[in-house]
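Q: In numbering that gives the first Met the number 0, the protein residues as written are 0 to 235. The beta carbon of each residue, even a glycine, is placed where N, CA and C say it ideally should be.
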Amino acid sequence: MKLGGTMATASQPKKKRKGNTGAKLSLVEEDDDDELEHEESKKKTPEESLTMHINDRYNKQKMKAEPNNPSRATPSSNSKRQHEPPTNARAENTEKKKHKSDKKYKNDDDKDQKKDYWLYRDIIVRIINKKLSNGQYYKRKAIVDTVIDKYEARVEVLESSRKAKDGGDILRLDQDDLETVIPKEVGEKVRILAGKHRGKKAKVLRLTKEDYQAELRLTDDDRVVTLDYEDFSMLA
Numbered sequence: 000m001k002l003g004g005t006m007a008t009a010s011q012p013k014k015k016r017k018g019n020t021g022a023k024l025s026l027v028e029e030d031d032d033d034e035l036e037h038e039e040s041k042k043k044t045p046e047e048s049l050t051m052h053i054n055d056r057y058n059k060q061k062m063k064a065e066p067n068n069p070s071r072a073t074p075s076s077n078s079k080r081q082h083e084p085p086t087n088a089r090a091e092n093t094e095k096k097k098h099k100s101d102k103k104y105k106n107d108d109d110k111d112q113k114k115d116y117w118l119y120r121d122i123i124v125r126i127i128n129k130k131l132s133n134g135q136y137y138k139r140k141a142i143v144d145t146v147i148d149k150y151e152a153r154v155e156v157l158e159s160s161r162k163a164k165d166g167g168d169i170l171r172l173d174q175d176d177l178e179t180v181i182p183k184e185v186g187e188k189v190r191i192l193a194g195k196h197r198g199k200k201a202k203v204l205r206l207t208k209e210d211y212q213a214e215l216r217l218t219d220d221d222r223v224v225t226l227d228y229e230d231f232s233m234l235a
């Protein structure tokens with residue numbers, strides 16, 4: 000019902016909203032940040048995005064692995080020492096090697112003392128020069144009468160047999176034309192021609208044909224030595 004003129008509507012007082020105003024503001028701000036990041040990511044190339052992703056993953060893994068990780072600890076000096084042999088063990092090993100070498104030196108009967116000459120007076124030798132007098136003296140035995148300049152000798156040729164009378168020739172020969180004569184039986188006397196016992200007389204105790212060696216007993220001190228066939232010869 001109109002009462003002449005316009006009717007004014009009563010304005011109702013606005014109700015104040017309580018509660019989540021701050022929350023809505025923060026949500027709005029976060030949404031704005033996401034939109035900005037999204038827009039920035041759109042501006043970056045795919046290669047740059049991939050690089051950033053790989054770097055982020057690497058940094059995260061590094062942070063997880065570094066704290067209190069014993070496997071990344073640097074090796075201490077104690078760990079190196081564990082792989083080194085103890086000083087006493089090294090010294091013992093060196094001593095064993097030295098003892099072994101000394102033992103070998105003794106068993107070789109002082110081979111370093113051997114000379115390159117071996118001729119000696121009053122020993123029996125065998126002639127091995129096939130060309131001498133067309134082989135006339137080949138395999139013949141002889142006695143060394145005189146040694147000349149260590150490497151040569153004047154020898155007297157022995158008879159080829161008891162009944163033959165073909166001995167007595169005097170020849171001058173080099174030691175390369177001669178060889179030692181080994182007794183056939185035990186108990187024979189010989190002269191040692193090489194090593195530290197060179198010049199000494201000995202008696203044959205045992206002959207080992209397989210090894211071309213003999214066991215000899217020295218006549219001056221009864222010591223027993225083992226020598227090669229080339230290192231001694233029968234006495235005349």
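For a test of the three-state rule: what should DSSP assign to L131, helix, strand or coil?
A: Three-state result, L131: helix.
Q: Is D227 helix, strand or coil when you go by DSSP?
A: Looking at D227 - three-state DSSP - the assignment turns out to be strand.
Q: Of all the options E158, E178, R222, which has the alpha carbon lying nearest to the alpha carbon of H196?
A: The shortest Cα separation from H196 among E158, E178, R222 belongs to R222.
Q: I'd like to know whether the C-beta atoms of V156 and V143 end up nearer to each other than 8 Å.
A: For V156 and V143, no; Cβs fall outside 8 Å.
Q: Would you identify the three-state DSSP class for D144, choosing helix, strand or coil?
A: Three-state DSSP puts D144 in a strand.
Q: May I ask you to list the residues that DSSP assigns as paired with T207?
A: In DSSP, T207 forms a bridge with Q212.
Q: When you compare only the Cα positions, how much space is there between G134 and D220?
A: Computed Cα separation, rounded: 42 Å.
Q: Hey, how far is the Cα of D230 from the Cα of G194?
A: Whole-angstrom Cα-Cα distance: 8 Å.
Q: Can you give the Cα-Cα distance for A115 and E158, rounded to whole angstroms?
A: Sequence check: residue 115 is Asp here, not Ala. Approximately 30 Å between the Cα atoms of the pair.
Q: Would you identify the three-state DSSP class for D173, choosing helix, strand or coil?
A: If DSSP states are grouped into helix, strand and coil, D173 belongs with the strands.
Q: Output the distance between the C-alpha atoms of Y137 and L131, rounded to the nearest integer angstrom.
A: Y137 and L131: Cα-Cα distance of roughly 7 Å.
Q: Tell me the residue span of the beta strand (DSSP E) that contains R139.
A: From DSSP, R139 is part of no beta strand (DSSP E); its letter is neither H nor E.
Q: For N106 and K162, what's the separation of their Cα atoms in angstroms?
A: Residue placement at N106 is flagged as unreliable, the pLDDT there being 44, under the threshold of 50; a coordinate-derived value is accordingly withheld.
Q: Are the CB atoms of Q112 and Y150 nearer to each other than 8 Å?
A: No. Outside cutoff.
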